[in-house]
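These notes concern the structure reproduced below.
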Amino acid sequence: MKKIIFPVFLFASTVLFAQSFEKKVGHFGKIIASPKINLVLVEGNEESVKIDYANVDPDKINVKVKHNKLHIYLDGSKFTEKQRRVQKDGWVNKESMYKNASITAYVTYKKLNKLVVRGEQEVDVQGAIANKKFKLSAYGECNITMASLQVDWFKAALYGQNTLKVKTGSAEVQKYKLFGENKIDTQSIQSSEITSSTYGESRLKLNAEENLKLWTFGESQVMVRGGAEVDKLTFGQVSIRKQPF
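Spelled out as structure tokens, the structure:
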């Protein structure tokens with residue numbers, strides 16, 4: 037198993053983690069992380085999951101594999117955080133059942149073709165993603181960092197206020213669907229063709245050698261590296277700036 041390098045956000049919070057447990061899992065090629073589940077992903081020869089947690093009952097943490105899909109979630113919070121009613125100063129409000137919970141899942145995978153993240157959490161993919169296709173979906177306010185992406189086809193659908201950065205790699209074709217205020221930085225990826233549809237205010241840093249197609253509804257800022265021909269259809273304001281090779 038490869039050694040995991042702890043990122044700053046996790047290292048700073050390790051003092052908060054009082055306990056941990058490991059879970060045996062079957063084979064999976066897809067991962068879903070529900071609200072409150074931070075992720076650290078590494079590539080290895082044996083699939084495994086280790087959970088660090090604090091301020092939450094471990095019995096509330098679910099780690100399940102079904103139909104080639106690993107799903108990590110809290111009871112009642114598969115899609116959104118479970119709420120409860122609280123009374124204060126004569127007013128009744130709602131708050132998260134798990135507002136003080138701290139959870140990080142360290143996942144070792146063999147091969148990955150899809151990642152789905154829901155909520156407001158950190159995702160650090162330290163291992164390489166090497167496959168023909170890879171699909172990423174994020175809902176909420178997630179900060180996603182990927183060390184290396186080596187694929188023929190890459191698609192990302194981001195909803196909310198997410199950030200995505202890929203440090204190195206190649207993807208022959210990239211496709212983006214962005215809803216809200218999202219930030220993309222994949223300039224370190226070698227690519228021939230990129231298609232992006234944005235709805236809202238997004239910032240993109242891209243690298244394309246042949247074709248770049250942009251459909252924007254709202255305000256977008258695009259920085260392009262490479263010799264791609266730009267084809268655009270805009271409703272709103274879009275700023276496109278080419279960077280030197």
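Basically the numbering used here = 1-based index in the sequence shown + 36. Just so you know, even glycine gets a beta-carbon here, dropped at the ideal spot from N, CA and C. Keep in mind that this is a model prediction, so the values were computed, not measured.
- By the neighbour-count definition (other C-beta atoms within 10 Å, threshold 16), N243 is a buried residue.
- Contact check for R120 against M133 passes: the beta carbons are separated by less than 8 Å.
- Between S224 and V258 a beta carbon distance of about 16 Å is seen, past the 8 Å cut, so the two are scored as non-contacting.
- Y109 is the residue among Y109, V161, Q186, I97 whose C-alpha sits nearest the C-alpha of G155.
- Within the same chain, S70 come within 7 Å of K114 by CB-CB distance, once the 5 residues on both sides are set aside.
- V143 sits close to V85, with the two beta carbons spaced by under 8 Å.
- Close CB contacts of A193 within its chain, under the 7 Å cut and outside five residues either way in sequence, are with S173, K213 (chain order).
- DSSP places D125 outside both helix and strand once states are collapsed to three, so it counts as coil.
- In the three-state DSSP reduction, K114 falls in the coil class, being neither helix nor strand.
- Rounded to whole angstroms, the separation of the alpha carbons of E237 and E229 is 22 Å.
- For P94, the CB contacts under 8 Å within the same chain, skipping 5 residues up- and downstream, are Q55, F57, I87 in chain order.
- L148: not part of any beta strand (DSSP E); DSSP gives it neither H nor E.
- Secondary structure note for T199: its beta strand (DSSP E) is the uninterrupted segment 199 to 202.
- Per the DSSP secondary-structure output, N247 pairs in a beta bridge with E229, E265.
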